[in-house]
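*Asks:*
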Amino acid sequence: MTLAPETTDLKVQLQLDEGWFTVCDLSLLLPGRGVAALLPDGRQVALFRDRGGELYAVDNRDPFGGAAVLSRGLTGTHQGRPFVASPLLKQRFDLLDGRCLDDETVRIATYEVRTAV
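Everything in the sequence shown is counted per the working numbering, starting at 2 for the first residue and increasing by one.
1) Who pairs with A86 in a beta bridge, going by DSSP?
2) Using DSSP with H/G/I as helix, E/B as strand and the rest coil, what is L102?
3) From the DSSP output, in three-state form, read off L39 for me.
4) So, is R93 buried or exposed, given that buried needs 16 or more other C-beta atoms within 10 angstroms?
5) Roughly how many whole angstroms lie between the Cα atoms of F22 and Q14?
6) Using the beta-carbon count (16 or more within 10 Å), is L1 buried or exposed?
7) Looking at C-alpha atoms only, which residue of V107, Y112, Q80 is the closest neighbour of R66?
8) What is the DSSP secondary structure of L17, counted as helix, strand or coil?
9) Evaluate D60 with the Cβ neighbour count: other Cβ atoms within 10 Å of its Cβ, from every protein chain shown; 16 or more gives buried, anything less gives exposed.
10) Would E113 and A58 qualify as a contact pair, given that the criterion is a beta-carbon distance under 9 Å?
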């Protein structure tokens, strides 16, 4: 099934130390697929949208492999919480708080995300 793009002018924004930063149009985030974006300080963020419309943003860098690939990971849920599984070594990261579900000593950054006109 192909999903038609939305016809809204909503933008996805992330909360950074300097304030809200516009990343992309909401229509670019398809449910179940990640998108990578470059932040002003050179870091990369992975953005996800679930089938219910919730938005998530985490660091794109896989802390185990070192590559910026989390936006290409598979998404799912574990005990009712959304996660992304790295395409490298398959570790799962909670999209709400960034903790690794497979190694409790590892965590990635998460970002507050919203939509705005």
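Note that CB positions come from ideal geometry on N, CA and C, so glycine has one too.
Keep in mind it's a predicted model, so treat the numbers as computed, not measured.
*Replies:* The relevant details are as follows:
1) Stepping through the sequence shown from its first residue, residue 86 is reached at position 85. In the DSSP assignment, A86 is bridged to L75, R93.
2) To locate residue 102, count along the sequence shown from 1; it is residue 101. Note: L102 maps to coil in three-state DSSP.
3) Counted from its first residue, the sequence shown places residue 39 at position 38. Three-state DSSP puts L39 in a strand.
4) Position 92 of the sequence shown, counting from 1, holds the residue named residue 93. Counting Cβ neighbours within 10 Å, R93 comes out buried, since at least 16 surround it.
5) The count along the sequence shown starts at 1 and reaches residue 22 at position 21. The count along the sequence shown starts at 1 and reaches residue 14 at position 13. Taking the straight line from one Cα to the other gives about 5 Å.
6) Because the chain is modelled from 2 through 118, residue 1 falls outside the range shown and cannot be assessed.
7) Counting from one through the sequence shown, the residue named residue 66 turns up at place 65. According to the sequence shown, residue 66 is Gly rather than Arg. Proximity to G66 across V107, Y112, Q80 peaks at V107, based on C-alpha coordinates.
8) The residue given as residue 17 occupies position 16 in the sequence shown. Three-state result, L17: strand.
9) Stepping through the sequence shown from its first residue, residue 60 is reached at position 59. Classification of D60: buried, given that the 10 Å Cβ count is 16 or more.
10) Numbered from its first residue, the sequence shown carries residue 113 at position 112. Numbered from its first residue, the sequence shown carries residue 58 at position 57. A contact, by the Cβ cut-off of 9 Å.
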